[in-house]
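Participant: First the structure, which I've put down as structure tokens, then a few questions once you've had a look.
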Amino acid sequence: MDVRELYQTTILDHNKRPRNFRVPEAANREARGNNPLCGDQLTVYLRVEDGVVKDVGFQGSGCAISKASASIMTEAVAGRSLAELEALFTRFHELLTGDAATPAQIEGLGKLAVFSGVREYPVRVKCATLPWHTVRAAAHGDATTVKTE
Amino acid sequence: MTALDVERVRKDFPILARSMRGKPLVYLDSAASAQKPQQVIRAIASLYETRYANIHRGVYELSETATRLHDEARSKVQRFLGAADPREVVFVRNTTEAINLVAQSWGRSRLRAGDEVLITTLEHHSNIVPWQLACEATGARLVVAPVDESGEVPLDEFEARLSERTRIAAFAHVSNALGTILPVAELAALAHRAGAVVLVDGAQAVPRLPVDVRALGCDFYAFSGHKLYGPTGIGCLWGRRELLQAMPPWQGGGDMIAEVRFEKTSYAEIPYKFEAGTPDIAGAIGLGAAIDYLEELGIEHVMRHEQELLAYGTELLSAIPGLRIVGTAREKTGVLSFVLDGVHPHDVGTILDQEGVAIRAGHHCAQPLMERLGVPATARASLGIYNTEADLDQLAAAIRKAIEVFA
């Protein structure tokens, strides 16, 4: 597998210019994710009103996979209900840990599909899933720091 | 052999014949663990095939043979370290366990509230956490001597942190993350003048530097077999006889006793007092074979080979725009720790892996050091006896590829 199938243009772009890399005004939920072994760490902030993600942002540092995943995650969950966020979390997780990416798995995932190549690099899966576990913890109001390694 | 014949050495390591992701394997992670020569692999296999039995027990020939081989391995370690007596060599699982043994046995019986344990900023977690545990248990305090920007431990800073309260100074011979060689003899002399005993973590030193524990003047010296081209699961603690004799056992069981009664058990003499249960017999014998192998190559030649490659690699990597070598001590072993502008060390590691180059990326179990140097992680290429200039050329080419991907 060529390394560019992992580091796709979209991932490189979001790594270089992460979207929603900020603390949203009036954020009312947040959670911290930290993979101390590899040094990926981030805080995800949400403004949740009436069960809907009105605003989302993140801050932190890490590898390209974790940073791009966090950036694309914020785009994916903005405006979604918490139930939709949960469903996206599950689908994303399956995409990265399942046996093979079927067209049905990828359908409707939009930009998130660029992470399907990460599955070929088992040690990097935790980098891509950290922002998702963290946003889920924020949505649930879970105060413990999230870890995926 | 007058110099290290790398091509001949490479033929001794079966794993180097395999390819990695369709490319020749370039193994640059010997500071994490070294590959094994066939001499070591064969020594272990031949033990199990023809000479294996438990030791110190049987009245039959096999057990006597295995016991003799195990004893010989201990004597090899003794000679390799320049120790006075084989009884000063305690077999353990690894460096970590050796340090824990001292922290638990010596530390808990000797440390009192208000005492101090002196370490340095560049220690591996295995030379930090055992002391934290001992301090928690006894009320002693952990004191840390700083490193400078280059990754050296300034002698005056170390000396300034010694006091009449310092009971033990524990520090690395060589930094695993940066390759800094510490001036062990000078540090040990300073610590002794303050009345402290000295433990040296020799995990990174024994595979590449001549080590003479009596010349270094330390009291304890710890190392692992697996970094010395030997098997995993075996390591050694060397300790001065009178210190070991005065220390209480730390694990109880078979082999470590003189006599067991429910009223009172008496313990075996050193080193057996610290070796409860059936030991890693094959591990010790494999370690002995690894020492034989290195001694045949000549540790001086090993050191020179690594120093030449280090100079070559340092120049090669320094010429890469955006690359900064972390750890520039004047005295260094073959460790090239680096960061790249705009590319996280883990992404460097993944791209290098695609090119068949195995390095380590992360904090190298030295988080306080990484924090001091202001980097979350580094990519680390570390050298072994089988590495060549061609390996470093491939490393440099792979780094340039990573830069290109992230451009």
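So the protein lines, in turn, are chains A and B. Numbered by this note's numbering, the letters in the first sequence go through residues 75 to 223 in order. Numbered by this note's numbering, the letters in the second sequence go through residues 2 to 408 in order. For every residue, glycine included, the Cβ atom is placed at its ideal position computed from N, Cα and C. The structure presented is a predicted model; accordingly, all values stated were derived computationally and were not measured.
Report all residues from its chain with a CB closer than 6 Å to the CB of M2 (chain B); omit the five preceding and five following residues, and keep chain order.
Facilitator: Because M2 (chain B) carries a pLDDT of 47, less than 50, the predicted location of this residue cannot be relied on, and the following value inherits that uncertainty. Closer than 6 Å at Cβ, skipping near neighbours: no residue.
Participant: Using a Cβ-Cβ distance under 8 Å, would A187 (chain A) count as near chain B?
Facilitator: Not closer than 8 Å to any Cβ of chain B, the Cβ of A187 (chain A) fails to qualify, so no.
Participant: Is the shortest distance between the beta-carbon of P377 (chain B) and the beta-carbons of chain A less than 8 Å?
Facilitator: So yes, P377 (chain B) belongs to the interface.
Participant: Which residues, in order along the stretch 335 to 364 of chain B, keep a beta-carbon less than 7 Å from a beta-carbon of chain A?
Facilitator: Flagged, chain order: H345, H347, D348, T351, I352, Q355, G363 and H364.
Participant: With which residues is G107 (chain A) paired in a DSSP beta bridge?
Facilitator: According to DSSP, G107 (chain A) bridges with A:L116 and A:V220.
Participant: Anything in chain B within Cβ reach of R198 (chain A), meaning under 8 Å, just list it in chain order.
Facilitator: Chain B residues near R198 (chain A): H347 and T351.
Participant: Run through chain A and tell me which residues come within less than 8 Å of V406 (chain B), C-beta to C-beta.
Facilitator: Here the neighbours are V77, R78, Y81 and L86.
Participant: What does the Cβ neighbour count give for R63 (chain B), buried or exposed, with the cut at 16 atoms within 10 Å?
Facilitator: Residue identity differs from the one stated: residue 63 (chain B) is Leu in this sequence, not Arg. L63 (chain B) should be labelled exposed.
Participant: Give the list of continuous beta strand (DSSP E) stretches no shorter than 3 residues that lie fully inside the stretch 215 to 254 of chain B.
Facilitator: You should have 221 to 225 and 236 to 240.
Participant: Residues of the stretch 127 to 139 of chain A in Cβ contact with chain B at a cutoff of 8 Å, in chain order, please.
Facilitator: Going along the stretch 127 to 139 of chain A in chain order, one finds S135, G136, C137, A138 and I139 with a Cβ nearer than 8 Å to chain B.
Participant: Could you give the residue range of the alpha helix (DSSP H) that holds V77 (chain A)?
Facilitator: V77 to L80 is the span of the alpha helix (DSSP H), which, as asked, contains V77 (chain A).
Participant: Going by alpha carbons, who is nearest to G357 (chain B) out of B:L156, B:G23 and B:R11?
Facilitator: Here the closest residue by C-alpha is B:G23.
Participant: How would you call V97 (chain A), buried or exposed, if buried means at least 16 neighbouring beta carbons within 10 angstroms?
Facilitator: Label assigned to V97 (chain A): exposed.
Participant: From the DSSP output, read off the bridge partner residues of S338 (chain B).
Facilitator: In the DSSP output, where bridge partners are listed per residue, S338 (chain B) has B:V327 and B:R381.
Participant: With 8 Å set as the bound, which would you pick, yes or no: does the beta-carbon of G191 (chain A) sit closer than that to a beta-carbon of chain B?
Facilitator: No, its Cβ sits nowhere closer than 8 Å to a Cβ of chain B.
Participant: Can you find a C-beta in chain B that's less than 8 Å from the C-beta of Y119 (chain A)?
Facilitator: Answer no: the Cβ-Cβ gap between Y119 (chain A) and chain B never drops below 8 Å.
Participant: Would you mind listing the alpha helix (DSSP H) stretches within the stretch 354 to 378 of chain B that are 4+ residues and don't spill past its ends, in chain order?
Facilitator: Qualifying alpha helix (DSSP H) stretches, in chain order: 368 to 374.
Participant: Suppose the cutoff is 7 Å on Cβ atoms and the five residues either side in sequence are ignored; what does the same chain contact list for E73 (chain B) look like?
Facilitator: So the list reads G289, once near-sequence residues are dropped.
Participant: Using a cut-off of 9 Å between C-beta atoms, extract the partners of L204 (chain A) located in chain B.
Facilitator: Within chain B, no residue comes near L204 (chain A); the closest Cβ sits about 12 Å away, beyond 9 Å.
Participant: Taking contact to mean 3 or more Cβ pairs, one atom from each stretch, closer than 8 Å, check whether the stretch 132 to 142 of chain A and the stretch 383 to 402 of chain B are in contact.
Facilitator: With the cut-off at 8 Å, the stretch 132 to 142 of chain A and the stretch 383 to 402 of chain B do not touch.
Participant: Write down the C-beta distance between N67 (chain A) and T222 (chain A) rounded to the nearest angstrom, noting that I regard them as a contact closer than 8 Å.
Facilitator: The structure shown does not extend to residue 67 (chain A), since chain A is modelled only from 75 to 223, so the question has no answer here.
Participant: Spatial neighbours of P155 (chain B) within its chain, please: CB distance less than 7 Å, with the 5 preceding and 5 following residues excluded, ordered by chain position.
Facilitator: Correct list, in chain order: D149.
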